[in-house]
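In what follows, a structure is listed as structure tokens, so that the remarks can point back to it.
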Amino acid sequence: MTNNGQLFVITGSSGVGKGTLIKKFLEKNPQIEYSVSYTTRLPRPDEINGINYFFVTRKEFESAIKNNEFIEWAKFSDNYYGTKISTVEKALKNGTNLILEIETQGALQIMDKFPNAKYIFIHPPSAQELEQRLRSRGTETEEAIQKRLSAAKKEYEISKLFTYQVVNDNIDKALEELQKIFDGNKDV
Ligand code: 5GP
1 MTNNGQLFVI TGSSGVGKGT LIKKFLEKNP QIEYSVSYTT RLPRPDEING
51 INYFFVTRKE FESAIKNNEF IEWAKFSDNY YGTKISTVEK ALKNGTNLIL
101 EIETQGALQI MDKFPNAKYI FIHPPSAQEL EQRLRSRGTE TEEAIQKRLS
151 AAKKEYEISK LFTYQVVNDN IDKALEELQK IFDGNKDV
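Per the working numbering, residue 1 is the first one in the sequence shown, and the count goes up by one each step.
Right under this line is the structure:
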């Protein structure tokens with residue numbers, strides 16, 4: 001695969017605020033594209049098909065796995081999430097910088113294929129803060145919250161493989177750090 005655009009892989013536990021962070025970052029950097037993933041999860045009330053995700057059925061997702069359409073995919077909290085090869089190929093061939101916002105299992109699959117991508121892990125200020133954020137979002141059941149908290153513990157271990165670590169304590173500070181990474185001015 002030709003690699004003219006730069007790939008940025010952003011990972012962080014569910015509830016860490018990476019969605020808001022990335023949204024604000026993209027508003028400031030409209031030249032950077034966001035890779036819209038496919039998922040079997042149901043849309044949240046404010047989510048739009050084709051913008052936040054492509055919402056598909058389990059059958060559609062499994063058929064895309066069979067046809068090798070994903071560059072990476074993972075099962076997370078009982079749902080499938082994946083990035084289409086076509087999304088990444090198109091952006092990189094056009095020389096467009098692309099952000100993939102994915103969880104750790106998917107990021108690990110990408111690390112082999114794209115050693116030159118920039119891997120960024122967004123941390124919560126603390127485990128307690130993460131739990132509070134997940135609860136205050138009010139979009140998940142207790143069972144889903146518990147699954148996400150247990151996933152966060154495992155994800156913390158894997159985060160050590162990421163080149164860049166950003167703590168989302170203060171959003172402006174986190175945005176500044178992200179900007180430095182994207183501009184290539186951030187020491188590892
Ligand atoms: P949520 O359900 O909160 O939107 O996302 C749950 C998790 O799935 C988040 O950590 C999010 O980053 C991750 N995710 C979203 N899209 C993808 C994808 O295409 N691939 C993988 N592996 N994870 C994804």
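Positions of the beta carbon are idealized from the N, C-alpha and C atoms, including for glycine. What you are looking at is a predicted structure, and each value in this text was computed from that prediction instead of being measured.
Query                                                                                                           : Result
For A74, three-class secondary structure by DSSP                                                                : strand
Unbroken stretches of the beta strand (DSSP E), 3 residues or longer, contained in the stretch 29-84            : 37-39, 53-55, 70-76 and 79-84
Residue(s) in a DSSP beta bridge with Y164                                                                      : I120
I51 beta carbon less than 8 Å from that of I122                                                                 : no
Close-in-space but distant-in-sequence residues of the same chain around R44 (CB under 6 Å, 5 per side omitted) : T139
Extent of the continuous alpha helix (DSSP H) run through G191                                                  : This structure cannot speak to residue 191, because the chain is shown only from 1 to 188.
Separation of L130 from N170, as counted between CA atoms                                                       : 14 Å
Nearest candidate by alpha-carbon position, reference Q165, set Q132, Q146, Y119 and L134                       : Y119
Near the ligand 5GP: A117 beta-carbon under 7 Å from a heavy atom                                               : no
Euclidean distance between Cα positions of R58 and K66                                                          : 12 Å
Same chain, Cβ closer than 8 Å to N79, five either side skipped, listed in chain order                          : T39, T40 and R41
Cα-Cα separation between T2 and W73, rounded to whole angstroms                                                 : In this prediction, T2 scores a pLDDT of 49, lower than 50, which makes its location untrustworthy; the coordinate-derived value is nonetheless stated afterwards. Going by the C-alpha atoms only, they are around 21 Å apart.
Outcome for D183 when other beta-carbon atoms lying within 10 angstroms are tallied against a minimum of 16     : exposed
Near the ligand 5GP: A174 beta-carbon under 7 Å from a heavy atom                                               : no
Three-way DSSP call (helix, strand, coil) for V16 in this model                                                 : coil
Contact set for I158: own chain, Cβ-Cβ below 6 Å, skip 5 residues either direction                              : T104
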